[in-house]
Each structure stands twice: as C-alpha cells, then as structure tokens.
Amino acid sequence: MVRNRLWKIFTVAALLISLLPAGVGNAAATLTEVPYAMDSSNQAGWWTPLETYGTGLEYAYMAYNAPGSTSGTHKVYIARRDGTGAWSNIPVMNGSTVAEYNDDVGHNQPSIARDGSGRFHVFASMHNDSWRYFRSDTVGGAPQNHSADMPTPSSFRGTYPVLTTAPNGDVYLLIRSGLDSAGYRPGVLFRWNNAASTWSQVAVVGATAGRSFYPNDLVFDANGDLHILFEWSAFVSSALRHELSYLKYSPSTGSFYKADGSAVTAPVSLSTADIVQPLGPTEAYVQDGGDPGGPGVQSAKLAVDSAGSPKIVYRYREEGSTNFSVKYASFASGSWNLQTVYDLTQTRAAIDITWTGSTVRVYYAKYSGTDRAYMAVPSGSTGWNLTSIAPGKPIERLSVERNANGIDILYLVDITNSKLYYGRN
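Residue numbers (the working numbering): 19 to 443.
Here's what the structure looks like:
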C-alpha cells in the first residue's frame with residue numbers, strides 16, 4: 019500500500035516536472051546595466067558591436083549609438099568595462115567632435131574589433147555610404163577618423179560592416195559594396211595587417227548578377243582559418259533574404275573552400291556557393307525594400323567547434339508560416355544538417371551562437387512577452403532546452419561573444435527603456 023502511494027507520488031511529480039516550461043532550473047544570466055544613455059537607433063541584426071579581451075581580468079568593449087544633439091541623430095561611443103568591473107565611456111571622434119550621424123535603424127549601427135596591438139577599429143553608420151572608419155592612434159585610446167586609410171576608390175560605398183580579429187592580431191572586415199552598373203551588390207573582404215598597420219582588399223567574396231550580398235558573420239578557428247557567413251537578396255535590396263551561404267578562407271594559402279573541403283574560386287556565385295539553407299518550394303527572390311512575405315532568411319550568426327567545423331544559427335520563415343523560426347545548421351557526413359530550435363512565436367532579428375568547448379549555445383529574442391531573450395542548448399538528438407536569460411526585461415536586440423575565460427559575454431538592448439545591458443552567462 020505504501021509502495022503504491024509512493025509510486026503515485028513519484029508519477030505525479032514526474033508529470034508536473036514534464037509540464038514545467040523549458041529551461042526551468044537553469045539560471046538566468048548575470049546582467050549589469052551599462053551606465054550611459056543609449057539611443058533608440060541602437061539596434062541591428064547583422065552587426066558585431068561587442069569585443070572582449072583578456073584572461074583572468076576580463077575586459078569588454080560595447081560599441082553603441084548614444085543620443086545625438088538633435089532628434090533623429092546619434093553619436094558613436096564605446097562603453098568599456100575593465101577587469102575590475104569599472105566603466106568608462108570612450109567617444110568615437112570625427113576630428114575634434116564626437117562622430118554623429120542620422121538615425122537609420124538596421125543600417126547605421128557600429129561594429130568594433132580590437133587588434134593585436136590593442137587599438138580599436140570601428141565602422142559606424144554606413145548605409146551605402148563612403149567609408150566611416152575610426153581607429154585608435156594609441157592603445158585603448160579614443161578612435162579617430164581614418165577613413166582615408168581604406169584601400170578603395172573614392173567612389174566606394176558600403177553597408178553592413180562586420181568585423182573579427184585573427185589569432186595573429188590582424189582584423190578582417192566583410193562589407194557589402196554599393197550599387198553596381200551590372201546590377202549586383204557584391205561582398206568584399208578586407209584585412210588590417212596589424213604588423214604593418216595597413217589595410218588591403220583580400221577578395222570579392224561573393225557576387226551574382228541580379229542579387230545583393232548580405233554579410234552575416236566572420237569567425238576564426240584555432241587553425242587560423244576564417245569562416246564566412248552571408249545571405250542573398252534580389253537586387254537592389256529586400257528585408258527578406260535567401261540561400262544562406264557559407265565559405266572558409268585560409269589566409270596562409272589565399273584559398274577559399276566549402277564546408278566539405280572542396281576549393282572554390284572567389285567571388286562565389288549562387289551556382290558555386292556552399293548553400294546552407296536552400297530555397298523552399300515556393301520561395302522566390304522579390305525586390306522589395308520591405309518584407310514581401312513568403313519563405314526566406316533574415317539574420318544569421320556563426321561559431322566553430324574545437325575541430326574547426328561550422329555551427330550556424332539563423333532565422334527562417336518556413337513555407338506557410340508568418341513567423342521566423344530559429345534554425346540550427348551543422349555540417350557532418352558531407353551535408354548540412356538542419357534543425358528547428360524554436361518556432362512557437364515570432365522572433366526578432368536578434369540572434370547569436372557560441373561554442374562552449376563541448377556544445378553550442380543558441381541565443382535569440384522573441385518578438386514580445388515578459389521574457390524575450392533566451393538561450394537554447396541541445397537536448398538529445400533533435401530537442402532543445404530553452405532558458406530565459408533576462409527575465410522581465412524587454413530585450414529586442416543582442417550580440418554574444420565567448421571570452422578567453424570561457425564565459426559568454428552578452429550585449430543586450432532594451433529599446434523600450436533605452437537601456438543597454440552587459441551580461442555574463
């Protein structure tokens with residue numbers, strides 16, 4: 019009789035546990051509000067606004083848009099958190115004044131990298147604009163305008179600059195070039211040679227007539243190879259993109275490769291690119307400055323595992339759906355394997371991924387709700403456990419970087435309350 023009662027108790031307890039929301043029992047991230055005013059324009063999906071540095075003592079650098087001198091403008095700053103947790107606000111300078119530009123949500127946001135000498139590199143507020151490039155003249159100093167150092171004709175125009183730092187201290191930039199007379203917008207890769215303190219163009223990475231290139235992410239592996247992620251849209255532009263693509267570049271050989279190791283010639287086209295997410299049955303390229311509806315990709319980020327294999331998270335609107343789901347792609351046995359991480363409600367163009375040394379962590383933001391920012395980790399062969407990482411905070415944009423101490427550092431944006439958060443997870 020006692021055994022039957024105990025069995026019933028255990029059964030009910032197991033049932034209640036199974037009904038708990040995913041992620042119960044996992045801790046939320048530790049958040050600190052950045053003590054500086056943030057502008058409402060500080061929001062993007064493609065950007066790389068976060069940089070970390072140091073083992074033991076940890077430093078974080080958060081490039082962001084601060085309120086401008088008038089409505090509809092913003093100024094560019096770097097919020098610096100030092101190894102003791104103290105904050106300082108570093109202005110990005112355009113001559114004798116702080117760099118200031120018009121708001122343009124989804125385009126005029128900053129990306130940052132720190133080179134091997136400790137100098138900041140910032141590309142800010144570029145939407146088919148000439149270079150707006152800033153670099154520190156001293157280690158850790160306020161970046162100054164160095165647009166004239168970029169190795170392109172004065173006619174160059176660029177959008178969506180994403181940055182990363184190589185193991186040797188060089189900095190790499192992926193950016194979409196402006197309008198082309200042949201009807202395409204290519205993606206171009208640049209390198210900052212840290213030893214020589216010079217920029218050079220590495221290659222035109224991708225170009226297809228009638229299509230526009232959308233940079234997503236750059237990540238180096240332990241071997242010094244650069245992993246590149248990008249999307250395509252109809253020319254001239256569209257909020258809905260397609261055929262998420264991957265490429266690996268080896269700086270030591272100057273060669274480009276697909277995930278299976280086969281060499282390809284840059285620039286890749288849609289016929290030669292390594293397509294991660296192929297077109298769905300009704301998916302089509304539509305030139306639309308807004309969202310034309312239907313299946314498609316919008317935002318993607320990249321990590322690499324200990325073996326240098328790519329791990330990709332992206333938002334994809336499936337056939338017949340009105341919501342963008344969160345998808346995960348990994349490469350194994352000669353092909354891309356695709357999984358759905360989350361598809362219950364609408365998500366924002368805010369997504370990232372890290373590799374912990376043994377598994378991936380996927381970060382994303384729901385469109386609404388009390389809790390919006392989530393982390394997902396694999397559970398079993400196809401399942402995912404979900405954890406709210408910023409309970410009660412209406413996070414709409416995010417960026418994440420795993421630092422040298424194995425901690426995920428979070429850049430979380432609360433547009434509703436004009437707040438920026440630093441997080442540790």
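Using N, Cα and C, we set each Cβ at its ideal position, and we do this for glycine too.
Residue i, buried or exposed, once every other Cβ within 10 Å from all chains shown has been counted against 16
i	result
residue 286	buried
residue 214	exposed
residue 205	buried
residue 446	There is simply no residue 446 to check, as the chain begins at 19 and stops at 443 in what is shown.
residue 412	buried
residue 63	buried
residue 314	buried
residue 155	exposed
residue 42	For residue 42, the predicted model reports a pLDDT of 37, less than 50, meaning its position is unreliable and no value from the coordinates is stated.
residue 258	buried
residue 281	exposed
residue 61	buried
residue 200	exposed
residue 414	buried
residue 267	buried
residue 39	With a pLDDT of 38 at residue 39, under the threshold of 50, the predicted position of this residue should be treated as unreliable, though the coordinate-derived value follows. By the 10 Å Cβ count, residue 39 comes out exposed.
residue 305	exposed
residue 66	buried
residue 216	exposed
residue 325	exposed
residue 31	The predicted position of residue 31 is uncertain, since its pLDDT is 35 and thus under 50; a value taken from the coordinates is nonetheless stated next. So residue 31 ends up on the exposed side.
residue 197	exposed
residue 350	exposed
residue 173	exposed
residue 157	exposed
DSSP three-state assignment for residue i, whether helix, strand or coil
i	result
residue 39	Reliability of the predicted coordinates at residue 39 is poor, the pLDDT of 38 falling under 50, and the value obtained from them is presented with this limitation in mind. Residue state, collapsed to three classes: coil.
residue 147	strand
residue 348	strand
residue 131	strand
residue 165	helix
residue 54	coil
residue 4	Because the chain spans 19 through 443 in this model, residue 4 falls outside it and cannot be assessed.
residue 480	No statement about residue 480 is possible, as the shown extent of the chain runs from 19 to 443 and does not include it.
residue 198	coil
residue 141	strand
residue 59	coil
residue 384	strand
residue 302	coil
residue 417	strand
residue 397	strand
residue 158	coil
residue 431	strand
residue 378	strand
residue 170	coil
residue 254	coil
Selected residue, minimal CA-CA separation from residue i, among the options
i	options	result
residue 184	210, 127, 293, 178	210
residue 421	390, 89, 205, 375	375
residue 121	57, 168, 241	57
residue 269	396, 134, 219	219
residue 99	55, 50, 144, 141	50
residue 230	246, 208, 212, 261	261
residue 105	79, 202, 111	79
residue 378	390, 366, 329, 338	329
residue 342	349, 348, 334	334
residue 302	250, 103, 48, 164	250
residue 114	398, 131, 128, 163	163
residue 118	410, 89, 316, 182	89
residue 271	111, 189, 243, 101	243
residue 398	419, 357, 227	357
residue 128	136, 141, 93	141
Residues bridged to residue i [DSSP beta-bridge criterion]
i	result
residue 288	Partner(s): none; residue 288 has no beta bridge.
residue 462	Examination of residue 462 is not possible in this model, given that the chain is present from 19 through 443 alone.
residue 406	392
residue 307	In the DSSP output, where bridge partners are listed per residue, residue 307 has none listed.
residue 247	235, 264
residue 65	Beta-bridge pairing links residue 65 to no other residue.
residue 259	315
residue 357	346
residue 273	268
residue 77	71
residue 329	321, 348
residue 82	95
residue 180	192
residue 12	Outside the shown range of the chain (19 to 443) lies residue 12, about which nothing can therefore be said.
Residue i Cβ short of 7 Å to the ligand NAP heavy atom set
i	result
residue 428	Although the ligand NAP was asked about, the structure shown includes no ligands whatsoever.
Item to complete: Please list the segments of the beta strand (DSSP E) lying wholly inside the stretch 204-244, counting only runs of 3 or more residues, in order along the chain.
Response: 205-211, 216-224, 229-238, all fully within the stretch 204-244.
Worksheet entry | Any beta strand (DSSP E) of 3 or more consecutive residues that is wholly inside the stretch 97-127 | List check, beta strand (DSSP E) in window: 105-109, 118-120.
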